[in-house]
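Notes follow the structure.
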Amino acid sequence: CRNPKLQHEKGSVLIAACKRMVLERSCAWKLKSDKIQKELVAEVQSEARDIEDLARLVGQHQACPFYVSREAQVDADIVFVPYNYVLDPVSRDGLLIDLVNDVIIFDEAHNVQ
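For the sequence shown, the UniProt record's numbering assigns the number 1 to the initial residue and increments by one for each residue that follows.
This is the structure we're talking about:
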């Protein structure tokens, strides 16, 4: 989380605090993301980026990397995620990952149990 008010939080406490601030519309980073989302998504999708590059790029606009990346992946041609995000229905739904008509390639598939 890039929001200075939440950077000290971790895990479920961070998630709950983030959700609360988003619902209350009190997170300036999320509000900025909403305001310039189209432009940020286009910029994020303009080339292949790893998560650190995406966070840095979106952070330069003082917008939320989580919400921008979530929106950018909806119509992306290729998305790289840890395998547990794909296999766990709760994570998959939370990240808006739709597997209909998709090809899934697992690297290190021997770790999948």
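By construction, the Cβ of each residue, glycine as well, lies at the ideal position given by its N, Cα and C atoms. Source: prediction; values computed, not measured.
| query | Under a three-way DSSP split, which group does Ser26 fall into? | reply | coil
| field | Beta-carbon proximity of Ser69 to Val58, cut-off 9 Å | value | yes
| said: If you reduce the DSSP assignment to three classes, tell me which class His110 lands in. | reply: helix
| said: Taking its Cβ as the centre, do 16 or more other Cβ atoms sit within 10 Å of Gln73, making it buried, or is it exposed? | reply: buried
| query | Counting Cβ pairs closer than 8 Å, one from the segment 1-11 and one from the segment 21-31, do we hit at least three? | reply | yes
| query | Under the rule that 16 or more other beta-carbon atoms within 10 Å means buried, what is residue 115, buried or exposed? | reply | The structure shown does not extend to residue 115, since the chain is modelled only from 1 to 113, so the question has no answer here.
| task | Kindly list the residues whose CB is nearer than 6 Å to the CB of Ile97, restricted to its own chain and excluding five residues on each side of it in sequence; keep chain order. | result | none
| Can you check whether the CB of Ile78 is closer than 9 Å to the CB of Ala48? | yes
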